[in-house]
Amino acid sequence: MLELRTIPNNQAVFVTLSDMPLHRAAIVDSVEDRLPNDTIARRLRELGFVAGEEVTVLATGPVGREPLLVQVGYTRFALRRSEAARVQVRHAGGSA
Numbered sequence: 001m002l003e004l005r006t007i008p009n010n011q012a013v014f015v016t017l018s019d020m021p022l023h024r025a026a027i028v029d030s031v032e033d034r035l036p037n038d039t040i041a042r043r044l045r046e047l048g049f050v051a052g053e054e055v056t057v058l059a060t061g062p063v064g065r066e067p068l069l070v071q072v073g074y075t076r077f078a079l080r081r082s083e084a085a086r087v088q089v090r091h092a093g094g095s096a
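Position one of the sequence shown corresponds to residue 1 (the UniProt record's numbering), numbered consecutively onward.
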C-alpha cells in the first residue's frame, strides 16, 4: 500500500520514487543515506537525483516490476526498486 507523508508547513505530499505511478512527474526532495558514507546514496546524487530535479518513472520490468526506467532531466537510468525507494519525491504539481 502506498504510504503518503504530509509535511505540515507547506502541505506537500512526499512519496518514494519506487511508489510513483508511471509517467507522472515528480520533484526530488532528498536521497536517504542508510549508512555513514553510503555509496549507493552518493551514486544516486552523482547521477542527478538531487533536490529540485524533475524525475519521472517511465516503465517497469516484467518480473516483480523491476527494474524501473527513470528519467532525470534528459537522462534515463534503470534502477532497482530498492534504490528508487531511497529517493523521496513530491508530485510536480504540489506546493514548492
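All residues carry an ideal CB built from backbone N, CA and C; glycine is no exception. In this text the structure is predicted, and so the values were computed from the model without any measurement.
Taking the Cβ atom as the reference point for each residue, do residue i and residue j lie within a distance shorter than 9 Å?
i: E32; j: R86; result: yes
i: V28; j: V55; result: yes
i: L35; j: F77; result: no
i: R80; j: E66; result: yes
i: V70; j: E53; result: no
i: T75; j: L22; result: no
i: M20; j: A26; result: yes
i: A92; j: R24; result: yes
Report all residues from its chain with a CB closer than 6 Å to the CB of residue i; omit the five preceding and five following residues, and keep chain order.
i: A84; result: L17, S18 and L68
Answer yes or no: does any C-beta atom of chain C fall closer than 9 Å to that of residue i?
i: A51; result: The structure shown has no chain C; it contains just one protein chain.
With respect to the beta strand (DSSP E) encompassing residue i, which residues constitute its N-terminal and C-terminal limits?
i: R76; result: T75 to L79
i: R90; result: V87 to H91
Can you say whether residue i is buried or exposed, counting buried as having 16 or more other CB atoms within 10 angstroms of its CB?
i: A51; result: exposed
i: V15; result: buried
>> Quick check on the DSSP output: what are the complete beta strand (DSSP E) runs of length 3 or more inside the stretch 27-70, in order along the chain?
In response: Complete beta strand (DSSP E) runs here, min 3: 54-63.
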